[in-house]
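Chains as they are written, first to last, in the numbering used here: chain A, 12 to 123; chain B, 300 to 412.
Idealized CB from N, CA, C, for every residue including glycine.
Predicted model only: the values in this text are computed from it and were never measured.
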Amino acid sequence: KAGVTQTPRYLIKTRGQQVTLSCSPISGHRSVSWYQQTPGQGLQFLFEYFSETQRNKGNFPGRFSGRQFSNSRSEMNVSTLELGDSALYLCASSLGQGQPQHFGDGTRLSIL
Amino acid sequence: AQKITQTQPGMFVQEKEAVTLDCTYDTSDPSYGLFWYKQPSSGEMIFLIYQGSYDQQNATEGRYSLNFQKARKSANLVISASQLGDSAMYFCAMRRRDDKIIFGKGTRLHILP
């Protein structure tokens, strides 16, 4: 069974640009969550999607948005990139509430 | 505020010894779940073990066990017979009633040969 797949693995952008990250969950998983990981703040929850609906949202500005498609694949978009957005972005999928999350390898985003 | 505290930023342990990674949590929810994840230097997060707040017995998965002390709000991870491949960051996490998951800052474990 394939795991959670995140693309791309690495991305370099400049300030002011926008970026879209992709996540394909484990087959059968309908819940997809996104996290930002930085050395200073650790792992911070961005949002969670379940059956194409945003079910939970963390404390991030509106520049961070996401969506989920009917096949459970999810995308995360960050607009007007700032230097502080440099981070490892992790996607995790699960069967649903209370179930363990399985993470992808992450997308490492660097802002120059 | 609900939070997870991992008080050990780093640990050095001799290979084959057992190691305990500390985790305390703060919540007023009656129902919650506790997770441990391992993150090697390559970056992927690997699920290790799960404990539900109503589970009567401590969770075990192979060499991993979770020492769950509900009254003390602690959920320590115990790794028996440590191996060099256990060197990684370890994160304790809690699923809240609203299904959000919050993570601790992590403990970096170094296994010495």
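Legend entry - Under 8 angstroms (Cβ pairs) to chain A, residues found in the stretch 333-346 of chain B: Against chain A - using a Cβ distance shorter than 8 angstroms - the residues of the stretch 333-346 of chain B are PHE334, TYR336, SER341, GLY342, GLU343, MET344, ILE345, PHE346.
Legend entry - Positions along the stretch 346-368 of chain B whose CB lies within less than 8 angstroms of some CB in chain A: Taking a C-beta cut-off of 8 angstroms against chain A, the contacting residues of the stretch 346-368 of chain B are PHE346, TYR349, GLY351, listed in chain order.
Legend entry - Backbone secondary structure at LEU123 (chain A) - three-state DSSP: For LEU123 (chain A), the three-state secondary structure derived from DSSP is coil.
Inset, instruction - Please confirm if LYS302 (chain B) has its CB atom under 7 angstroms from at least one CB of chain A. - result: LYS302 (chain B) is outside the set of residues whose beta carbon lies under 7 angstroms from a beta carbon in chain A.
Legend entry - One or two residues paired with GLY332 (chain B) in a DSSP bridge: GLY332 (chain B) is bridged to B:GLY351, B:ARG394.
Inset, instruction - Kindly list, in the order they appear in chain A, the residues whose Cβ is closer than 8 angstroms to that of ASP247 (chain B). - result: Residue 247 (chain B) lies beyond the range of chain B shown here (300 to 412); nothing can be said about it.
Inset, instruction - List the DSSP bridge partners of ASN82 (chain A). - result: Bridge partners of ASN82 (chain A): none, in fact.
Inset, instruction - For the stretch 397-411 of chain B, enumerate the residues whose C-beta is nearer than 8 angstroms to any C-beta of chain A, in chain order. - result: Listed in sequence order: ASP397, ASP398, LYS399, ILE400, ILE401, PHE402, GLY403, LYS404, GLY405.
Inset, instruction - Look up ASP385 (chain B) in the DSSP assignment and say whether it is helix, strand or coil. - result: DSSP places ASP385 (chain B) in helix when its eight states are reduced to three.
Inset, instruction - Measure from the C-beta of GLY53 (chain A) to each C-beta in chain B and report whether the shortest distance is under 7 angstroms. - result: Put simply, the CB of GLY53 (chain A) is near chain B, with a gap under 7 angstroms to one of its CB atoms.
Legend entry - the stretch 105-121 of chain A / the stretch 302-315 of chain B touching (three or more Cβ pairs under 8 angstroms): These segments do not touch.
Inset, instruction - Report the residue ranges of all beta strand (DSSP E) runs contained in full by the stretch 50-109 of chain A; include only those spanning at least 3 residues, in chain order. - result: Qualifying beta strand (DSSP E) stretches, in chain order: 53-61, 64-68, 75-79, 85-89, 98-105.
Inset, instruction - Tell me, please, whether the CB atom of GLN108 (chain A) is closer than 7 angstroms to any CB atom in chain B? - result: Judged by the 7 angstroms Cβ criterion, GLN108 (chain A) is in contact with chain B.
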